[in-house]
Structure formats: structure tokens, C-alpha cells
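Going letter by letter, the sequence shown gives residues 48 to 340 in the working numbering.
Worksheet: one structure, shown below.
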Amino acid sequence: MSGTPAAEISVSIDLVRALIEDQLPQYASLPIRRAGEGWDNFTFRLGDDLAARLPRRAAAAILILNEQLALPRLAARLPLLTPAPVAIGKPGAGYPWSWSIVPWIAGEPSDLAPPDIFQGSILARFLRALHQPADADAPLNPYRGVALADRVQMVTTRLDSVRSGTDLITAAVDTLWLDALAAPRSTDRVWLHGDLHAQNVLTQNGSFAGVIDWGDVCAGDPATDLAAIWGLLPDRQARAAAIADYAPDDELLSRARGWAVFFGVVLYDAGRINNPRHMAVGEAILRRLAADF
């Protein structure tokens, strides 16, 4: 089993400064400090209001192009802040890929600062605003928005791995997964975030504040994003409110629960190798599913 992939390139503050000075000198006077490193990108804070986002591996170089395409189209209609690029950089100074300067969104990741009980309706509102028919040139993603039947082998392997040595794969979790596989395939082609787990959604004072890391943005089945009901909302009443306000039909809701199983086992199983926060997020998803059903 693989954990968080290793970076394929080293990016320093000096390299970021060289890229900015050469390509986007209007930002060259801003102080730069390292802010974080995720699955796909390095983030450096630029002054107080901006950040530089640079892919850390070749697979992510394609994903940042998708962000650059989609976010300028989506940001204005969404009720939560998003890091739509304010400037786009190109390869240079020894760095091989496109990169972005984006707004810095204040807040804490929701796995560290959970939302309050009133945020279920806010999540539903965000998802309804996002899940509109996608443009003809919207990216497709072989791992998100697709039929769960396409992910059976990988998920089954992860389920068996998590089942071994934990109590997380309950009869309810198994049933939800099988029910999701039995649900009819979606014919929807709406905009998706694609990776709405708790480290990609920020909160302030208990309220959702922003949604970051749009590398998996694509067109497809909204069930992928609806899995966030179990990924983001610790309170059972909040989860019920999100479902009531979004009002999915039974087939969509069944697929959403299957996608929640997917995210739960993938985050837990990959996280226990080298990312304890991912592991904890995956465990929370699986325990919420079991508690609800």
C-alpha cells in the first residue's frame, strides 16, 4: 500500500523568489515563507494576502492546469471562498511546471478546527451552487466523479487492509459499499471539487470559511462530493440537515455513502503509512458512517 507520495522536486524560498522576480515582479517585494506541503503541491505564503502554489510531482502538474481553467469560472458563484488564481507562472529557474499565485484564505483545516452543528446547511448550499452543468471543456478525472464500479478492485483491497487489525469496517460499512455498487450509474456531468476531505475545507470560529486544493476539479457524478457530508460534519444532526437541504434522490445518496466509504478507507490506509492526519480523517469518516447506519 502506498502512502503520501514523495516530492519529485525540491522547492525552496529562494526558488520561489527567483520565479516571482523573473515572471511576476509586481509581487517581488512581498515576504515569502513556507506554509505547507500536501499530496500534490507546495504552498508558500506571500505577504499577508497571497500564496504561491507549486506542484511537487509530475502528476500534480496536470492538476494545477485544471485549477487554473476551472476556478476563475466557478469562484464567483460559490458561497465559500476559493483560491482562484490571481496570476499564473510558467516553468523557469530550473522549475519545470506551471504554478499559481492565489489568494490566501484565512482559517484552519476542519480536521483541526471542526465546524459547528449549524454548518450542514452551509455545506449543502455550497454543493448545490457547485453542482451545476459542467462546461464542455471541463476536465475529466479517472479517479473522481466516475462509477464506483471502476474503483472496486482498489477499494476492496483497502477495505481488506483496514479490516485487518481494526474495528472500522463494520457490517454497516460493508452494506453501504455493496448498496452503492448496486445503485444505477450516474449520467450527471456537473462540476465537482473531487477531493472534499477535511484538510481541504477551512473553518473560522466554527463556520466554513473556504475550500482549497482544487486539483481534482472535474465533471462527473455529484456523489463524489456528497461524501463530504461524512467527511466534514462531526455532528449527526448537521449531517441530517445537509442531506435534507441538498435533497439527493435515493440512488444519489446511496452512491454518496459509497464514496464516503472510498474516502474513509483510502485516507485511513494510506495515512497510517506516513500521514497521521489523513489516517484520523479516514477513521472519522468510517465511524460516522457506522454511527448513522
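Even glycine gets a Cβ: it sits at the ideal position worked out from N, Cα and C.
Being a predicted model, the structure only gives us computed values, none of them experimental.
Span of the alpha helix (DSSP H) around residue i
i: residue 220; result: 218-229
i: residue 204; result: 199-210
i: residue 66; result: 60-70
i: residue 277; result: 275-279
i: residue 166; result: 166-177
i: residue 145; result: That residue, residue 145, is in no alpha helix (DSSP H); it is neither H nor E in DSSP.
i: residue 321; result: 297-321
Exposure of residue i, with buried meaning 16 or more beta-carbon neighbours within 10 Å
i: residue 315; result: buried
i: residue 338; result: exposed
i: residue 258; result: buried
i: residue 188; result: buried
i: residue 114; result: buried
i: residue 48; result: In this prediction, residue 48 has a pLDDT of 49, which is less than 50 and means its spatial position is unreliable; nothing more can be read from the coordinates.
i: residue 336; result: buried
i: residue 110; result: buried
i: residue 232; result: exposed
i: residue 276; result: buried
i: residue 180; result: exposed
i: residue 60; result: exposed
i: residue 340; result: exposed
i: residue 218; result: exposed
i: residue 312; result: buried
i: residue 64; result: buried
i: residue 147; result: buried
i: residue 174; result: buried
i: residue 129; result: buried
Nearest to residue i (by Cα), restricted to the options the options
i: residue 349; options: 283, 294, 299 and 301; result: Beyond the ends of the chain as shown, which are 48 and 340, falls residue 349; an answer cannot be given.
i: residue 247; options: 160, 330, 65 and 302; result: 160
i: residue 89; options: 73, 54 and 114; result: 54
i: residue 238; options: 122, 306 and 82; result: 122
i: residue 305; options: 135, 175 and 227; result: 227
i: residue 107; options: 85, 230 and 78; result: 85
i: residue 79; options: 92, 300 and 68; result: 92
i: residue 119; options: 149, 198 and 172; result: 149
i: residue 325; options: 203, 279 and 296; result: 279
Start and end residues, beta strand (DSSP E) containing residue i
i: residue 100; result: 97-102
i: residue 112; result: No beta strand (DSSP E) holds residue 112; the alpha helix (DSSP H) holding it covers 105-121.
i: residue 286; result: Unbroken run through residue 286 is the alpha helix (DSSP H), 283-293; no beta strand (DSSP E).
i: residue 82; result: 79-84
i: residue 92; result: 88-93
At least 3 beta-carbon pairs within less than 8 Å: the stretch 88-105 vs the stretch 155-173: no
Stretch pair the stretch 261-273 + the stretch 176-195: three plus CB contacts closer than 8 Å: yes
The stretch 54-66 touching the stretch 142-149, judged by at least three CB pairs closer than 8 Å: yes
At least three beta-carbon pairs within less than 8 Å, the stretch 216-230 to the stretch 71-82: no
The stretch 278-293 / the stretch 127-136 touching (three or more Cβ pairs under 8 Å): no
Secondary structure, alpha helix (DSSP H): runs of 4+ residues fully inside the stretch 227-266: none
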